[in-house]
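In case it helps, this note's numbering puts the sequence shown at residues 1319 to 2170.
Notes follow the structure.
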Amino acid sequence: MPPEVPAGPKINDIKHEFHPHSGLPLQEESLEDYLRTESLRRRRPPTEEKPYAPGFRTRLNFEVAHFAQENMLNKKATNELISLIRRCAANPEEFTIANHADMNRQWDQASKKCTEFQKYDIPVLYKGVEQIFEMHARPLWNWALDLIQDPRLADFFVWDSERTYKYDGASFVRFYTEPWTAQAYWDIQSKLPDHKDAKLCPYIIYADKSKLSSFGTEKAYPVIARLGNIVVGIRNGNEWGGGQVVGSLPVVKDDTAESGKPGYVNFKNAVWHSAFYKLLESIVAHSKTGIWTQCGDGRQRWLFPVILILAADYEEASVMALIRGLRGLYPCPICFVKAEQQSDLAVTSDLRTAQHAQAAVKKARTLNAEGAEASLKSLGLRNVDNVFWKVAHSDAHRAISFDRLHSHQSGLWGDHLFAVLKFHIERLGARQLAKLDRQIDSIPRWRNLNHFQTVSNLSFNDGSKHEDISKIMIYAVHNILTDHLGLLLLQCVRSYTELNMYVGLELHTTKTIAAGRRQLEKFGEHIKEYIATCEGTEFEDKNWNFPKMHLHKHVFDDIEQKGVTKNFGTKIDEAMHGPARAAYLRQTNFKNVAPQILRSLHRRMLGRYILEQLDDLDALWEDEDGDAPVDPDNVDPLDLEEFGNVVVGAKHTDISFSALETTMKQDLAFANFRIRFSDFLSEFLPAYGHALPGGKRVRFTPEQEITPYRYLKVFFQSLDDWKDETDYLRCNPSFHNHERYDAALVKTTTAAIFVRLVFVFTWTSEGKTYPFALVQPLDVGIGQRSAKDKALHFYRVREKPRHRCEFISVHSIIRGALLAPDFDKKGDYLAVDGVDSDMFLRLMELYPNYMT
């Protein structure tokens, strides 16, 4: 017999090419196995039976102390809580905390379980006078060991760089997700000794000042660290294994007499880098030589700490890179773009490097003061040693990454495009502003999308809300800005939203990165045309040469180097300012607040660390007993019924055909409902392999009943990251006092079309229940697309008359859809493709010409 021919790859198969130093062979698996592996990572069982000890005398003591800490109770409230518990406890021997002071003593004892903060004095000279600043930091290596050596986290660590590919039927296409799937990780591992146990210990570090008091007179300067080789689901959280505050930088108070002087600015930067060294000091030597470390899985690895990613807004990135910022000749921390060329995205400039910066500073120091200043000014650099030069394989200019929150959502959009858009509308008068608000309020509500009743007078600094406004603004304003200049601005807005969708994808391939780069070019072209057309008008004074206009020039390079943008944004870190503010307000005496805040944050994380172990122990014991309690939050309502890819819910009383037709007689969609449904079923059942009841065409009597529902949950696989996603659809005349009839994308025998839900119901025959929906199709031909639709990339749909509603099986629903009304053409709607990444990619796949 001839030898068996090996089977080739199947569509969607995944291939892993591991770094040569790892010694691991090429690995191929199905997409299903790949996704299953990611979803099955679990914490390993705890190794201690009493994780709260030493420190807390009993578990109950810990749980009460953790409650007080998690809720930031002050001393008075804590004592009142303890007093109440001691009076009410049925078993007082289990609760032995006497008062707030006793609880503090137990916290102090337990605090040694994790790396604690240390205080450092930082001397820095200014004008020959030594000034001392206070820095609080956890030694970064010790902090990392807390995680690396924790057996419970072992399965969440990834120790080798890899290149991942997905087979598209013709070739394996590379894709990028986590940092270790990207190029920088691979390149750094290539520089380590060629030993199978030589591994990176990659840090992701964030720093930024924040206001603690309402007047901004008291500030904090937290540094937050994450380990870049922990999977993103843990890494980007705020539980154990996620981001932790590892330092508090000194805040140099402004001196009005010195403010703005080059020497004083250099002094403030020197304070930052001198203080930051105390955080990095413990990893400097290890970054060069490596250190053998016993990891949580029991294996010894030769670890080399590196600074892989620096997450920061522009102002902080300027300090990290030691450039001269907004007023510098070259204001980008990553490249040498000229200040006057920041709006020209066609310009590609040489990249900055740590090696070049270090050489420039060294050379400047051979010159006199005036010559040194001129030399460094010509490069946009400062005469200060960069602390990151001390860490091997780490380059601040490469580590600084695109920040969607400040550069896109609150920056380019919130501070600039949105502001310019409103200015254009303001020039048209109050009636047009009112029209904008009316139309933005008329955009249908959608899950995970903020709804706005007004935007014309909004003023806020919430990046998530800014992003949501950017997603829907074009649909509310396209019939307001109707002149040529207005259309050019709308093209800029539309081009920005498309670019932002590419930037935010949670999985990138070489194809989506190439498409994103093309979109960046198109955005630059639209901006350039708009700027040129503004000349000689009242809008010409707007200066588009600012860093946040330029910085996304580097975003797709960042994605190739470090993985998708959720790996290096600041949004998750900004959210961690909240506990610091709460600690300041509730758990300090408002004097020398930094150590008090850090103590509070340390206890908060320690509490979560212990509580997770207790929860895991409880789960183990419950599994052994076979009597685990049920969490009501994880139980679906009793009226939910699952049918494959859909779940129906919000069940209503069974209703007869005659009663339904009588109740809904004013709605033409329900005319002859019984007969039409009979005819539909007679065709549908045999077409999909179901037997007709009694072998005959379906005939209903007026008294027969169906069961109405007002809720649909649809499961689908995202085209972005290939994971399962869920849409919640409403078909409800009064959902939170609002009529809500959602739209959906459905599969027909010829194409995918949009429909509006009218009525969701089930029908039962011979013991089997079938879910159906009455829908209003939006598939009327629109003829030739208008010039505006082409220019703004609108995908327009038109509804059929109400009396032509049709029945579908809910199994044909692909996913939900948000449709914005065209306010000038009744019955026409525009598909909101920016509602999420799947819809953005899905529309392009289904209707590839709508973007042209």
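For glycine and all other residues, C-beta sits at the position ideal for the given N, C-alpha and C.
Should residue i and residue j be called a contact, given that it needs their Cβ atoms to be closer than 8 Å?
i	j	result
residue 1848	residue 1807	yes
residue 2030	residue 1966	yes
residue 1699	residue 1678	yes
residue 2171	residue 1787	Residue 2171 is absent from the structure shown; the chain starts at 1319 and stops at 2170.
residue 1442	residue 1588	yes
residue 1708	residue 1602	yes
residue 1482	residue 1334	yes
residue 1565	residue 1544	no
residue 2124	residue 2096	no
residue 1694	residue 1710	no
residue 1814	residue 1939	no
residue 1378	residue 1386	no
residue 1567	residue 1585	no
Put residue i into one of helix, strand or coil per three-state DSSP.
i	result
residue 2152	helix
residue 1347	strand
residue 1946	Unreliable positioning characterises residue 1946 in this predicted model, as indicated by a pLDDT of 44, which lies under 50. A coordinate reading is not provided.
residue 1363	coil
residue 1558	coil
residue 1509	helix
residue 1623	strand
residue 2090	strand
residue 1529	strand
residue 2157	helix
residue 1463	helix
residue 1965	strand
residue 2082	strand
residue 1778	coil
residue 1929	helix
residue 1404	helix
residue 1696	coil
residue 1381	helix
residue 1659	helix
residue 1484	strand
residue 1652	coil
Return the residue from the list the options that minimises the CA-CA distance to residue i.
i	options	result
residue 1980	2020, 2003, 1959 and 2002	2020
residue 1819	2162, 1469, 1384 and 1372	2162
residue 1368	1929, 2005 and 2088	1929
residue 1825	1916, 1495 and 1624	1495
residue 1748	1764, 2150, 1798 and 1575	1798
residue 2026	1978, 1694, 1792 and 2041	1978
residue 2053	1764, 1959, 1879 and 2160	1764
residue 1892	1599, 2005 and 1782	1782
residue 2112	2023, 1427 and 2165	2165
residue 1962	1704, 2128, 2012 and 1578	2128
So is residue i buried or exposed if we call it buried at 16+ other beta carbons inside 10 Å?
i	result
residue 1535	exposed
residue 2017	exposed
residue 1396	buried
residue 1447	exposed
residue 1778	exposed
residue 1952	At residue 1952 the pLDDT is 38, less than 50, meaning the model places this residue with poor confidence and gives no usable figure here.
residue 1558	buried
residue 1417	exposed
residue 1511	exposed
residue 1945	Summary for residue 1945: the model assigns pLDDT 47, below 50, so the residue's position carries little reliability; its value from the coordinates is reported in the next sentence. Result: exposed.
residue 1766	exposed
residue 1771	exposed
residue 1425	buried
residue 1313	In the structure displayed, the chain extends from 1319 to 2170; residue 1313 sits before or after that span and is not available.
Ends of the beta strand (DSSP E) at residue i?
i	result
residue 1442	1436 to 1444
residue 1849	No beta strand (DSSP E) contains residue 1849, which is instead part of the alpha helix (DSSP H) from 1828 to 1852.
residue 2025	2023 to 2035
residue 2137	2137 to 2139
Between which two residues does the alpha helix (DSSP H) carrying residue i extend?
i	result
residue 2049	From DSSP, residue 2049 is part of no alpha helix (DSSP H) but of the beta strand (DSSP E) over 2042 to 2053.
residue 1596	1580 to 1607
residue 1647	Looking at the DSSP string, residue 1647 is not in any alpha helix (DSSP H), and its letter there is neither H nor E.
residue 2058	It is not in any alpha helix (DSSP H) - residue 2058 instead sits in the beta strand (DSSP E) that spans 2056 to 2059.
residue 1421	1418 to 1428
residue 1981	1975 to 1981
residue 1672	1672 to 1682
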